[in-house]
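Encoded as structure tokens, the structure appears first; notes follow it.
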Amino acid sequence: MGVGTITPAIANIAAAFPDVPFTTLLLVSTLAVLVSVPATLISGRLAGTVVKYKTLLIIGMVLFIAGGIAPYFMVTSSFAAILAVRAVFGIGLGIVTPLGAALIIAFFDGEARAKMMGLSGVVANIGGILFQLLGGVAAASSWELAFLVHGLGIITFILILFLPEPAKVPAQAAGETKPKLPGSVFGFAFAIFFMLILVYPMLVNMSTIIAVTGLGGAPEAALVLTMFTVGGMVSGLIFAKVFGIFKKNTLAVGLGLLAVAMASIGLGNTIIFMYIGTTVAGIGFSFILPTVFMDLGAAVHPSQMATASGIIMASMNVGGFCSAYFFAFLAGIMGMTEVIKFPFYVSMTAFAVAAVAYLFIKPKQAEVPQAL
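Per the working numbering, residue 64 is the first one in the sequence shown, and the count goes up by one each step.
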């Protein structure tokens with residue numbers, strides 16, 4: 064969740080670097096996301112087989128903390144130098160990203176797995192609240208102070224030292240065909256990629272929208288974005304019950320909520336609509352991601368879970384990176400470059416269509432052998 068730390072400070076960073084084009088400026092957030100992609104894929108392939116989970120987590124958190132706080136000491140440095148250390152942060156982020164869901168799949172089954180998926184969302188969103196809220200408050204004083212908030216990763220680093228290592232998944236028996244990743248993994252990856260393209264404008268443009276429309280400054284943007292994580296926390300508390308009722312249709316519920324959220328932000332003209340939009344978006348988003356991992360846990364061989372998780376999380380990060388360029392291109396060809404809320408009009412329409420479509424089109428999952 065540390066990737067959202069500096070999103071409330073985007074407008075302040077833009078003021079500090081007035082000669083940097085806004086699309087390039089967004090790299091301070093999106094570059095870390097892009098760089099994390101290969102690290103996520105590699106981490107997913109190595110975890111639990113070549114390298115222990117704990118070893119990877121320790122390496123990832125060291126890079127996360129060091130790369131995260133480094134810009135605080137680089138006030139007089141060039142923007143390119145700041146981007147370089149953000150890349151280091153992104154590598155650490157990418158190493159850690161796929162391992163949480165993979166560990167839950169390794170340790171838990173059935174209803175306990177659903178509950179832990181929900182609780183992991185609660186804990187992650189508590190972290191997100193701290194990162195975003197403190198990032199916004201710090202940015203109100205000085206943009207570089209927002210980067211020091213990444214030091215909260217030290218808490219995670221300490222907790223990792225006490226983390227048990229899951230039992231190694233047994234290799235297939237002699238002569239047994241190595242299981243292939245089912246097509247649903249890549250179907251979900253594409254869907255998550257597109258979902259992040261549609262959601263990311265809310266995360267990176269909110270501070271600009273609030274400033275341009277006269278609704279407030281960095282502290283207000285931090286509070287609005289914090290409601291996204293509050294919504295995610297609420298979703299985590301009720302996820303197991305919701306999933307028990309709707310099963311696979313939980314994805315359609317999440318998509319419908321995201322459509323409502325984008326409509327609230329896109330069509331609303333007061334700060335209250337921003338709060339409602341981000342809260343509902345947090346609930347919807349946090350219904351979708353655990354549902355995807357629950358489906359993956361049932362569809363892939365246990366030895367493939369870390370790899371599948373890595374593919375899903377990598378697709379999220381690529382979608383986040385591509386979002387600004389996608390909407391810049393779309394706004395250009397549609398003559399909407401001056402309409403600051405244009406991405407939200409597109410997103411609310413796409414999510415509404417996707418919610419209805421998913422009720423009729425669901426990816427089929429192949430039965431695969433599970434570890435005893």
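Glycine included, every Cβ here is placed at the ideal spot set by N, Cα and C.
Cβ-based burial, Met397 [other Cβ within 10 Å; buried from 16]: By one-based count along the sequence shown, residue 397 stands at place 334. The residue in question, Met397, is exposed, as its Cβ has fewer than 16 Cβ neighbours within 10 Å.
Three or more C-beta pairs closer than 8 Å, one from the segment 361 to 371 and one from the segment 306 to 320: is that the case here? no
Distance CB(Glu207)-CB(Val138) smaller than 7 Å: Position 144 of the sequence shown holds residue 207. Position 75 of the sequence shown holds residue 138. Cβ distance < 7 Å, so Glu207 and Val138 count as in contact.
Tell whether a beta-carbon distance below 7 Å holds between Gly340 and Ser327. For this step, residue 340 is matched to residue 277 along the sequence shown. For this step, residue 327 is matched to residue 264 along the sequence shown. Closer than 7 Å, so yes.
For Leu119 and Val275, I'd like the C-alpha separation in whole angstroms. Taking the sequence shown and counting its residues from 1, the one referred to as residue 119 is at position 56. Taking the sequence shown and counting its residues from 1, the one referred to as residue 275 is at position 212. Answer to the nearest angstrom: the Cα atoms are 42 Å apart.
Leaving out the 5 sequence neighbours to the left and right, which residues in its chain are closer than 7 Å to Ala165 when beta-carbon positions are compared? Position 102 of the sequence shown, counted from the start, is the residue given in the question as residue 165. Around Ala165: Ala110, Met368, Ala369, Ser372.
Pick from Met337, Met296, Thr160, Ala361 that is closest to Thr271, judged by C-alpha positions: As a working note, residue 271 is residue 208 in the sequence shown. Considering only alpha carbons, the answer is Met337.
Relative to the C-alpha of Ile145, which residue among Asp172, Leu89, Leu182 is closest? For the purposes of this step, residue 145 is identified with residue 82 of the sequence shown, where counting begins at 1. With distances taken between Cα atoms, Ile145 lies closest to Leu89.
Rounded to whole angstroms, how far is the Cβ of Thr354 from the Cβ of Thr313, which I believe are closer than 8 Å? Residue 354 sits at position 291 when you count from the first residue of the sequence shown. Residue 313 sits at position 250 when you count from the first residue of the sequence shown. Contact holds; Cβ gap of about 5 Å.
Below 8 Å on the Cβ atoms is my guess for Asn188 versus Thr292; work out the distance and round it to an integer in Å. Within the sequence shown, numbered from 1, the residue matching residue 188 stands at position 125. Within the sequence shown, numbered from 1, the residue matching residue 292 stands at position 229. Confirmed, Cβ separation roughly 4 Å.
Should Ser378 and Ala209 be called a contact, given that it needs their Cβ atoms to be closer than 7 Å? Here residue 378 corresponds to residue number 315 of the sequence shown, with the count starting at 1. Here residue 209 corresponds to residue number 146 of the sequence shown, with the count starting at 1. No, the Cβ-Cβ distance between Ser378 and Ala209 is not below 7 Å.
Starting from Ala74, follow its DSSP beta bridges and name the residues at the other end. As a first step, residue 74 must be located in the sequence shown, where it is residue number 11. According to DSSP, Ala74 bridges with nothing at all.
What are the boundary residues of the alpha helix (DSSP H) that Thr412 is part of? As a working note, residue 412 is residue 349 in the sequence shown. Segment 405 to 423, the alpha helix (DSSP H) holding Thr412.
Note down the Cα distance separating Ala77 from Ser204, rounded to an integer number of angstroms. Locating residue 77 in the sequence shown gives position 14, where the first residue counts as 1. Locating residue 204 in the sequence shown gives position 141, where the first residue counts as 1. Cα to Cα, Ala77 sits roughly 15 Å from Ser204.
Please give the ranges of any alpha helix (DSSP H) in the segment 83 to 164, keeping only runs that are unbroken, at least 4 residues long and fully inside the region. 85 to 88, 90 to 109, 116 to 132, 142 to 159
Does DSSP classify His364 as helix, strand or coil? On the sequence shown, position 301 is the one that residue 364 refers to. His364 falls in the coil class under three-state DSSP.
Just verifying my parser: in three-state terms, what is the DSSP assignment at Phe251? What you label residue 251 is simply residue 188 of the sequence shown in a count that begins at 1. Phe251 falls in the helix class under three-state DSSP.
Which two residues bound the contiguous alpha helix (DSSP H) that contains Lys178? The sequence position of residue 178 within the sequence shown is 115, counting from 1. Start and end: 173 to 204.
Leaving out five residues on either side along the sequence, give the residues of the same chain with a beta carbon under 7 Å from the beta carbon of Gly279. As a first step, residue 279 must be located in the sequence shown, where it is residue number 216. Ile273, Ile334, listed in sequence order.
Where Leu196 and Ile346 are concerned, what is the direct C-alpha to C-alpha distance, given to the nearest angstrom? The residue labelled residue 196 in the question sits at position 133 within the sequence shown. The residue labelled residue 346 in the question sits at position 283 within the sequence shown. Between Leu196 and Ile346, the C-alpha separation is close to 18 Å.
Span separating the alpha-carbon of Ser92 from that of Phe249: On the sequence shown, position 29 is the one that residue 92 refers to. On the sequence shown, position 186 is the one that residue 249 refers to. Cα to Cα, Ser92 sits roughly 26 Å from Phe249.
Alpha carbon to alpha carbon, how far is Ala95 from Ala150? Taking the sequence shown and counting its residues from 1, one reaches residue 95 at position 32. Taking the sequence shown and counting its residues from 1, one reaches residue 150 at position 87. Their backbone Cα atoms lie some 5 Å apart in a straight line.
My understanding is that Val114 touches Gly153, with C-beta atoms under 8 Å, so please give their C-beta distance in whole angstroms. Position 51 of the sequence shown, counting from 1, holds the residue named residue 114. Position 90 of the sequence shown, counting from 1, holds the residue named residue 153. The Cβ separation is near 19 Å, so there is no contact.
Suppose the cutoff is 6 Å on Cβ atoms and the five residues either side in sequence are ignored; what does the same chain contact list for Phe306 look like? Within the sequence shown, the letter at position 243 stands for residue 306. Answer for Phe306: Ala177, Thr313, listed in chain order.
Distance between Gly181 and Val409 (C-alpha atoms, nearest Å): Taking the first residue of the sequence shown as 1, we reach residue 409 at position 346. Taking the first residue of the sequence shown as 1, we reach residue 181 at position 118. Cα-Cα distance, rounded: 29 Å.
Beta carbon of Gly157 nearer than 7 Å to that of Ser183: For this step, residue 157 is matched to residue 94 along the sequence shown. For this step, residue 183 is matched to residue 120 along the sequence shown. Not closer than 7 Å, so no.
Buried or exposed by the 16-neighbour rule on C-beta atoms within 10 Å, applied to Pro81: Locating residue 81 in the sequence shown gives position 18, counting from the first residue. Its Cβ having fewer than 16 others within 10 Å, Pro81 is exposed.
With a 10 Å radius around its C-beta and 16 neighbouring C-beta atoms as the bar for buried, classify Asp37 as buried or exposed. Nothing about residue 37 can be read from this structure; the chain reaches only from 64 to 435.
So Ile255 and Ser386 are supposed to be a Cβ contact under 8 Å. How far apart are they, rounded? Position 192 of the sequence shown, counted from the first residue, corresponds to residue 255. Position 323 of the sequence shown, counted from the first residue, corresponds to residue 386. The Cβ separation is near 13 Å, so there is no contact.
What span of residues does the alpha helix (DSSP H) with Leu330 cover, start to end? As a position in the sequence shown, residue 330 is number 267, starting the count at 1. Its alpha helix (DSSP H) spans residues 313 to 330.
Check this for me: beta carbons of Ala84 and Met376, under 7 Å apart or not? Taking the sequence shown and counting its residues from 1, the one referred to as residue 84 is at position 21. Taking the sequence shown and counting its residues from 1, the one referred to as residue 376 is at position 313. Reading off the sequence shown, one finds Pro at residue 84, where the question assumed Ala. No, these two residues do not count as a Cβ contact at 7 Å.
Could you tell me which of Ala79, Val100, Phe136, Leu226 sits nearest to Tyr116, measuring between CA atoms? Position 53 of the sequence shown, counted from the start, is the residue given in the question as residue 116. The candidate whose alpha carbon is nearest that of Tyr116 is Leu226.
Under the rule that 16 or more other beta-carbon atoms within 10 Å means buried, what is Gly383, buried or exposed? If you number the sequence shown from 1, residue 383 lands on position 320. Gly383 should be labelled buried.
With DSSP as the reference, label Met376 as helix, strand or coil. Along the sequence shown, one-based indexing puts residue 376 at 313. Of the three classes helix, strand and coil, the one that applies to Met376 here is helix, per DSSP.
Secondary structure at Ala274, three-state DSSP: helix, strand or coil? What you label residue 274 is simply residue 211 of the sequence shown in a count that begins at 1. Ala274: helix per DSSP, three-state reduction.
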